[in-house]
RNA sequence: GUGGUUGUGGUGAAGUGGUUAACACGCCGGAUUGUGGCUCCGGUAUUCGAGGGUUCGAUUCCCUCCAGUCACCCCA
């Protein structure tokens, strides 16, 4: 218990931290390129924010939230996603007053009480982007392109961009009714999951993996045929902008998002080799959310990328960079009298920005040499009693195995010249 | 929340109802005086996820729990 982390969590150890830094660097670079600014919101929020924002009947809210009561008897929840919180911050700090369109990105931990499986954890990391303040289809295209370019920059291939429009409060209810109408006489023969979807979210029936349900849903009406004029027009423009930009996409009229706030444009980027959890990125428009959160009606769009899934995909394509943890110099000290001068040398080297390490376990010379080798040290500086008495050190080149005696006053400059040329 | 599957040292893994739980890698130490990477030698699990039960006896059989893993649900 004490030696096991909570279920669904993962430690990121020194041997893999480089992968994260690499991905995070890519995130920051691309966001800078597209003009998105980083925002950091709290890990927890008032529970109410997610209830209202995400939707009370969504799975995320109904069964996946980490909710707790604090000592002030407030109900708080660990964020299961970051769009609602970003909107909250946007309203709280009146960011809309600064500029017409706010372009923001975030990167951090999210929490969902789910059964862990491949690509799904209880604490996971998302990189997300939000553009608040415009209904212009060009921002839809920009957002989607950013997501695609991010994944491509990392080197991922075989990605599938699925695109759909889920309508707006004007046309979606119409579609919903037509769907229910279509399935009404088939309700008895649908799987039990779909029977409950029928009322909660009939669009999900279209997405069912059950073969029988798939057959039954053949010929079901498509949402894109039921969109209102405004949504149709918007969707057409998004599609043509993407086409002009050379972004390949697949129209998927069955693509549904699980969060209530989505409107119009919905998209998902899938990487099939990941198995069941193949959605690497997902997002869409949420033109009603800001008003729902107490702001004035403001259109917005965003997406989130699951970083663990990205890392899994990169691993499958062997795209993870090997991080060199080589050090420049390893200082080997022999015996007690050399300890202090060795430590001083270590400090002096670092003062010159030379990467340097030494042994602190009081090990033998041989063991220290092995350690230097493991640390991939370019040079080893040795000093023992003799060297201390002579005010010199032995400098060893670990590649050529050459070694020479050097006055201790000169060693730092000498190494600086070697390492920093 | 539901179902499948797995759980032996730091890691990958053999193995059996009964004296000292293979092997490989890793790690630690050594191969004459103060020197790495190769090689060789030695040391590295009072214990087989945890707790019960069956048994003369269980790591091996049963139950419960915990954890990993995969799938459903759902999502990034």
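Residue numbers (our numbering): 1134 to 1554. Note that CB positions come from ideal geometry on N, CA and C, so glycine has one too. As the structure is a prediction and not an experimental result, all values here were calculated from the model.
Query: Own chain residues within Cβ distance below 7 Å of residue 1148, not counting five before or after; Result: none
Query: N- and C-terminal bounds of the alpha helix (DSSP H) containing residue 1326; Result: 1325-1333
Query: Distance between residue 1462 and residue 1380 (C-alpha atoms, nearest Å); Result: 48 Å
Query: Distance CB(residue 1411)-CB(residue 1404) smaller than 8 Å; Result: yes
Query: Where residue 1233 falls, given that 16 or more other Cβ within 10 Å makes a residue buried; Result: exposed
Query: Residue 1359, buried or exposed, once every other Cβ within 10 Å from all chains shown has been counted against 16; Result: buried
Query: Top-ranked residue by Cα proximity to residue 1309, from 1321, 1330, 1319, 1326; Result: 1330
Query: Option nearest residue 1247 by Cα separation, candidates 1307, 1348, 1140; Result: 1140
Query: The stretch 1538-1546 contacting the stretch 1490-1510, beta-carbon criterion three pairs below 8 Å; Result: no
Query: Residue closest to residue 1259, alpha-carbon to alpha-carbon, out of 1241, 1466, 1454; Result: 1241
Query: Beta-carbon proximity of residue 1245 to residue 1213, cut-off 8 Å; Result: yes
Query: Continuous beta strand (DSSP E) stretch holding residue 1179: start and end; Result: 1177-1179
Query: Proximity of residue 1364 and residue 1426 at Cβ, strictly below 8 Å; Result: no
Query: Same chain only: Cβ atoms within 8 Å of residue 1406, ignoring 5 sequence neighbours per side; Result: 1291, 1446, 1449
Query: Rounded separation between residue 1347 and residue 1271 - CA only; Result: 35 Å
Query: Sequence-distant residues of the same chain with beta carbon closer than 6 Å to residue 1430, five excluded per side; Result: 1424
Query: Validate contact between the stretch 1177-1192 and the stretch 1389-1397 using beta carbons, cut 8 Å, 3 pairs; Result: yes
Query: Uninterrupted beta strand (DSSP E) stretches inside the stretch 1362-1417 (no shorter than 3 residues); Result: 1396-1403
Query: Entirely enclosed alpha helix (DSSP H) segments - the stretch 1479-1516, minimum 4 residues; Result: 1498-1507
Query: Stretch-stretch touch, CB-based, cutoff 8 Å, three pairs: the stretch 1370-1389 with the stretch 1314-1322; Result: no
Query: Among 1388, 1460, 1278, 1220, nearest to residue 1513 - alpha-carbon criterion; Result: 1460
Query: Neighbourhood of residue 1275 by C-beta distance below 6 Å, restricted to the same chain and skipping five residues each side; Result: none
Query: First and last residue of the uninterrupted alpha helix (DSSP H) at residue 1281; Result: 1270-1286
Query: Residue 1533 classed as buried or exposed, judged by whether at least 16 other C-beta atoms fall within 10 angstroms; Result: exposed
Query: CB contact flag (residue 1402, residue 1281, <8 Å); Result: yes
Query: Span separating the alpha-carbon of residue 1361 from that of residue 1278; Result: 26 Å
Query: Nearest to residue 1256 (by Cα), restricted to the options 1539, 1267, 1187, 1243; Result: 1243
Query: Exposure label - residue 1298; buried when at least 16 CB within 10 Å; Result: buried
Query: For residue 1553, the first and last residue of its enclosing beta strand (DSSP E); Result: Counting along the chain, residue 1553 falls outside any beta strand (DSSP E), and DSSP gives it neither H nor E.
Query: Helix, strand or coil at residue 1259 according to DSSP, with G and I counted as helix; Result: strand
Query: Under 8 Å between C-beta atoms of residue 1219 and residue 1199; Result: no
Query: Cβ neighbour criterion (16 or more within 10 Å) applied to residue 1203; Result: exposed
Query: Contiguous alpha helix (DSSP H) assignments of at least 4 residues, all confined to the stretch 1405-1477; Result: 1422-1425, 1440-1449
Query: C-alpha distance - residue 1484 paired with residue 1473, whole-angstrom precision; Result: 16 Å
Query: Secondary structure, alpha helix (DSSP H): runs of 4+ residues fully inside the stretch 1175-1255; Result: 1180-1187, 1192-1196, 1216-1225
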